[in-house]
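Protein chains: 2
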Amino acid sequence: MFEAAELNRKVTKAEFDALAPALRVEMVQLQQDLRKAGFPVVVLFAGVDGAGKSESVNLLNEWMDPRWLVTRAYDVPSDEERERPEFWRYWRDLPPDGRFGLFLSAWYSQPLLDRVHGRIGRAKLDARLQRIVQFERTLADDGTVILKFWMHLDKKAQKARLKRLEKDPDHHWKITDRDWKHYKLYDAFIATAERMIMQTSAARFQWQIVEGVDERYRALTVLTTIRDRVREELDRRAAAAKAVKTAGKRRSHVAVTAGNGARSSESILDSLDLTQRVGRNKYAAEIKKLRARLHAAFRKAQAQGVSSVLVFEGWDAAGKGGAIRRVTSALDARGVTVIPVAAPTDEELAHHYLWRFWRHVSRAGRFTIYDRSWYGRVLVERVDNLIPPDAWRRAYREIDEFEAELTGHGTNLVKFWLHIDKDEQERRFLARQSTPFKSWKLTQEDWRNREKWDDYEAAVNEMVERTSTAAAPWTLIEANDKRFARLKIIRTVCESLEEKLK
Amino acid sequence: MFEAAELNRKVTKAEFDALAPALRVEMVQLQQDLRKAGFPVVVLFAGVDGAGKSESVNLLNEWMDPRWLVTRAYDVPSDEERERPEFWRYWRDLPPDGRFGLFLSAWYSQPLLDRVHGRIGRAKLDARLQRIVQFERTLADDGTVILKFWMHLDKKAQKARLKRLEKDPDHHWKITDRDWKHYKLYDAFIATAERMIMQTSAARFQWQIVEGVDERYRALTVLTTIRDRVREELDRRAAAAKAVKTAGKRRSHVAVTAGNGARSSESILDSLDLTQRVGRNKYAAEIKKLRARLHAAFRKAQAQGVSSVLVFEGWDAAGKGGAIRRVTSALDARGVTVIPVAAPTDEELAHHYLWRFWRHVSRAGRFTIYDRSWYGRVLVERVDNLIPPDAWRRAYREIDEFEAELTGHGTNLVKFWLHIDKDEQERRFLARQSTPFKSWKLTQEDWRNREKWDDYEAAVNEMVERTSTAAAPWTLIEANDKRFARLKIIRTVCESLEEKLK
């Protein structure tokens, strides 16, 4: 695989100096066009030590406008990072729309080194590479351009480089035992890299292998590759934008049809028995027991570092807020965060829609409770045609992958849909209207949403169908009776959490 | 001090139920008015265990709109938190403009417990309380309303409560050994609390002591206090807004006068010898040595967990970017973050201006390099009259306190002003204009700033005078010669860092 990068290609100083000025102007122009076009570019560098990874990053920092460029390099994960899913730290650092993000020692680094040092087997390596593919696909689907450079040196060149640096009094401090240790693992390293590159080279995020011996050659290769790939995407978008202007209306129409089409005549929600009720006395006795049980499980989870994420979705006025308070009051406030999902901030809007949920992923042993969640993507954003149909269709897979990162990390993920029927909702709306301290909860928006009940019902059914996985199943709550609903919710949280505890 | 909170005051259920509906409406209305007025409210709860701290927070969460309310409670600091100054985690969590933030077990908790358990003496307690006063003053000066509740129970009530809960089969799980241990320390706890309250009760952020025996009494007290204090501030602002509309122009004028007035005839900058030069060969030899020295110090600092923060300020075209690259290329990219300070995001604008710098405070052992910094407050924001004069005058103290948090935590803070003269700047502007790959660096803004050279010079002189402290001195760099400047900068970073290392 790497033979083509072992040809000892060189660029003379005169050649380089002739090309450099124009290329610098192009790179800066590229940044300005990118800002206008408003999509992010992720440039990742991996490869052999000494093949010019950080030199390339330094050059890009020198030639481009640092205000629209972020550079991130990673070490072994910190305690707080280890307490969260592996990709959390990369999600945090993703560049917003219109900017370049340069990544060093990033998501490929740990799997590669873990395999080379024999800490994981081949199957485990493949599984981790698969997750990387998912991660990159999620970003690419959202419009991120991903460029990956493998900076290469053959074994002889690597040895010559280390020897040369060691003899040089000005650079010998750069060479440590670690470098020679890596050199001894060269063959294993290259074999693993080959596997890694093969498995993670989808059409949209090909690896570019760069011969790293000659400083000028590799600089030109990296720079022109970035320039061409980003320019190509800018042109493609400009052309697409023209085409979309006329096609806009047709696309919305497709969304509505698809929504109705996906609806089954007998829906999952229809099968719920909403007549179930719990009397006041039974409720009082039960809730006390359940709260004590939840509190005990919570303490144990804190000690064992098991986190819980509770997702509350449901019809307007289905009782999400009240149910959440019944859960939180059984817990220690220091270990719980409630996140009501409202309009995104501009920092959030400038990223993939999952970014705002990744940023709230908690440390070990905590409860994070979402009052509405990432499912808004396949509910309100779908029903109100806020996004094109392919965006919400894609979201089922993205959500599954996101949740798999959480549950794969050991998080206890519990998802509730609070279901009431249309009559009960009307009763509650009217009651809110006539209770002064509750009337703020009811807006015109709520009445408007109510008119779209059937569309929502179709969306909910499809959501449950597509995202109820073994590791993260939906629990449907019959919520016409608040007492019944609250007991079932707390009981479900207890059972689910206890299962995860030793 | 607490006698007034030991009177066993009670509110009957009938009384409470009569008041509650109107109060709920008022609280929600308060939130809506607060959003429009656009300032944050911090509500902090401290006090005796069982006196209703978390119950009050729960009630506020129940009665108010959770979308405009954040609740934060703290445990012992995590590893990542311990690697940063104490207040970092509170800064991160401050509510943005227009929202309430409820804080439990927050900044008073650790100092109080450390003193009660004898881990710190009285002098150290006082020093920590002093830093809390600074923190709260910084927020209050920026328009944050701070309300602090001390929830109280006398010793007898505390004992009775613990006994009662222990006997109750539904609540006995809430009582742990820790509770009885705390009870034994009751007297020490109260004595320390008294000292704490006395020292941290400035007029603008008085403690409110609340008798906690009766659930309904304490709820009414907390709610009406919040309502009245926030309403008062809303009214005050509405009145002030009217008054300012006519006085707006006069205030800008004051800023300019003050700027000129503060200028000394012989300025600090005038005293620099800008003729100092370094030849090409000497530079090449020197920079190699300095890079190796810096790299060695950096490795040692990583091992010892000593962080560095480098601040680069200077005239446009003084060579900040080039100098920064000479520093970073001697370091390992994984341990360095460069932060070019550009326009703030909306999340940043909705907080105190220091918030955006607090959020970048790094973990232990890293370099954080600012290309422009928090000093923009007393430079461009002052010179361009972007803020009222009292805001930038206040900023000197705020910056000193912020930097004292960093240096007090052991951070190596180095601040550079890169100085060139007006002729040299013109030469560089013209050179940029005629070099295609540099012309993007030069904007109309730069020429406009140049016209305000004298105002900037006055602001720089005052900045250096007011913020050059023993722990965080300014280093003025004679930068007419780039080679001279770069050597001096790296040498200064080396010396300063080596001093902090064991």
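If you read the protein sequences in the order shown, they are chains S and A.
Residue 189 in numbering that gives the first Met the number 0 is what sits at position 190 of the first sequence, and the numbering runs on without skipping anything.
Residue 347 in numbering that gives the first Met the number 0 is what sits at position 348 of the second sequence, and the numbering runs on without skipping anything.
In this text, a Cβ means the ideal position worked out from N, Cα and C, and glycines have one as well.
Residue range of the unbroken alpha helix (DSSP H) whose run includes residue i
{"i": "A/W106", "result": "Neither: A/W106 is in no alpha helix (DSSP H) and is coded neither H nor E."}
{"i": "A/G320", "result": "K319 to T327"}
{"i": "S/F428", "result": "K421 to S433"}
{"i": "S/A190", "result": "Y185 to Q198"}
{"i": "S/A332", "result": "Taken as a continuous stretch (DSSP letters only), S/A332 belongs to no alpha helix (DSSP H), as it is neither H nor E."}
{"i": "S/F1", "result": "S/F1 -> no alpha helix (DSSP H), and no H or E assigned at all."}
{"i": "S/K287", "result": "R279 to Q303"}
{"i": "A/I267", "result": "Premise fails: A/I267 is in no alpha helix (DSSP H) and is neither H nor E."}
{"i": "S/S55", "result": "K52 to W62"}
{"i": "S/G407", "result": "P388 to G407"}
{"i": "A/K481", "result": "K481 to K499"}
{"i": "A/E82", "result": "Premise fails: A/E82 is in no alpha helix (DSSP H) and is neither H nor E."}
Beta-carbon proximity list for residue i, same chain, < 6 angstroms, skipping 5 on both sides
{"i": "A/F15", "result": "R215"}
{"i": "A/V115", "result": "L184, A187, F188 and T191"}
{"i": "A/L378", "result": "A458"}
{"i": "S/D32", "result": "L233"}
{"i": "A/T11", "result": "none"}
{"i": "S/R262", "result": "The predicted position of S/R262 is uncertain, since its pLDDT is 42 and thus under 50; no value can be drawn from it."}
{"i": "S/V382", "result": "K451, D454, Y455 and A458"}
{"i": "A/Q275", "result": "E477 and F483"}
Identified DSSP bridge partners for residue i
{"i": "S/W179", "result": "Answer by DSSP bridge pairing: none, since S/W179 is not bridged."}
{"i": "A/M150", "result": "A/G46 and A/V209"}
{"i": "A/W452", "result": "DSSP output for A/W452 lists no bridge partner at all."}
{"i": "S/V144", "result": "S/V40"}
{"i": "S/V132", "result": "Its beta-bridge partners do not exist; DSSP assigns none."}
{"i": "A/L101", "result": "A/V42 and A/T70"}
Beta strand (DSSP E) segment containing residue i, residue limits
{"i": "S/F38", "result": "Premise fails: S/F38 is in no beta strand (DSSP E) and is neither H nor E."}
{"i": "A/V308", "result": "S307 to G313"}
{"i": "S/P339", "result": "V335 to P339"}
{"i": "A/T367", "result": "F366 to D370"}
{"i": "S/E477", "result": "W473 to E477"}
{"i": "A/R71", "result": "L68 to A72"}
{"i": "S/G414", "result": "The question names Gly, yet the displayed sequence has Lys at residue 414 of chain S. Its beta strand (DSSP E) spans residues N411 to H418."}
Cβ-Cβ separation, residue j to residue i (assumed contact under 8 angstroms), whole Å
{"i": "A/W391", "j": "A/R376", "result": "6 angstroms"}
{"i": "A/E498", "j": "A/T137", "result": "Actually they do not touch by this definition, with Cβ atoms about 29 angstroms apart."}
{"i": "S/A36", "j": "S/R236", "result": "6 angstroms"}
{"i": "A/L6", "j": "A/A218", "result": "Actually they do not touch by this definition, with Cβ atoms about 17 angstroms apart."}
{"i": "S/A484", "j": "S/G318", "result": "6 angstroms"}
{"i": "S/G100", "j": "S/V56", "result": "At roughly 11 angstroms, the Cβ-Cβ gap does not stay under 8 angstroms, so S/G100 and S/V56 are not in contact."}
{"i": "A/F102", "j": "A/F44", "result": "7 angstroms"}
{"i": "A/G49", "j": "A/L152", "result": "6 angstroms"}
{"i": "A/A471", "j": "A/E402", "result": "4 angstroms"}
{"i": "S/R431", "j": "S/A296", "result": "Actually they are not in contact, since the Cβ atoms of S/R431 and S/A296 sit about 34 angstroms apart, beyond 8 angstroms."}
{"i": "A/E346", "j": "A/P95", "result": "7 angstroms"}
Contacting residues, own chain, Cβ-Cβ under 8 angstroms from residue i (five flanking each side not counted)
{"i": "S/H359", "result": "T336, I338 and T367"}
{"i": "S/R362", "result": "E79, E82, R83 and S306"}
{"i": "A/D370", "result": "F311, K319, G320, I323, V337, I338, P339 and V340"}
Same chain only: Cβ atoms within 7 angstroms of residue i, ignoring 5 sequence neighbours per side
{"i": "S/E404", "result": "P84 and F86"}
{"i": "A/A19", "result": "none"}
{"i": "A/Y502", "result": "Nothing can be reported for residue 502 of chain A, as the shown portion of chain A is limited to 0 through 501."}
{"i": "S/K538", "result": "The requested residue 538 of chain S does not occur in the structure, where chain S is confined to residues 0 to 501."}
{"i": "S/H171", "result": "L164 and E165"}
{"i": "S/D64", "result": "V27 and Q30"}
**OP:** Return the residues of the stretch 94-118 of chain S that lie within a Cβ-Cβ distance of less than 8 angstroms from chain A, sorted by chain order.
**Re:** Listed in sequence order: L103 and S104.
**OP:** Select from the stretch 49-66 of chain A all residues with a C-beta closer than 8 angstroms to any C-beta belonging to chain S, and list them in chain order.
**Re:** Look at the stretch 49-66 of chain A: the residues with a C-beta under 8 angstroms from a C-beta of chain S are S53, V56, N57, N60, E61, W62, D64, P65 and R66.
Subject >> Selection of the stretch 332-347 of chain S by Cβ proximity to chain A, strictly under 7 angstroms >> reply: For the stretch 332-347 of chain S, residues whose beta-carbon sits nearer than 7 angstroms to a beta-carbon of chain A comprise A332, R333, V337, P339, A341, T344, D345 and E346.
**OP:** Taking a Cβ distance cut-off of 7 angstroms, strictly less, list which residues of the stretch 5-20 of chain S are near chain A, in chain order.
**Re:** Against chain A - using a Cβ distance shorter than 7 angstroms - the residues of the stretch 5-20 of chain S are P20.
Original post:
Listed in chain order, which residues of the stretch 216-242 of chain S have Cβ atoms closer than 7 angstroms to some Cβ of chain A?
Top reply: Against chain A - using a Cβ distance shorter than 7 angstroms - the stretch 216-242 of chain S contributes no residues.
Subject >> the stretch 361-379 of chain A: positions lying closer than 7 angstroms to chain S by Cβ >> reply: Residues passing the 7 angstroms Cβ filter: R362 and D370.
Subject >> Residues from the stretch 287-310 of chain S in contact with chain A, defined by Cβ distance under 7 angstroms >> reply: Within the stretch 287-310 of chain S, K287, A291, H294 and A295 place their CB atoms closer than 7 angstroms to a CB of chain A, listed in sequence order.
**OP:** Could you run through the stretch 436-447 of chain S and flag, in chain order, every residue whose CB is less than 9 angstroms away from some CB of chain A?
**Re:** Hits within the stretch, in order: F436, K437, S438, W439 and K440.
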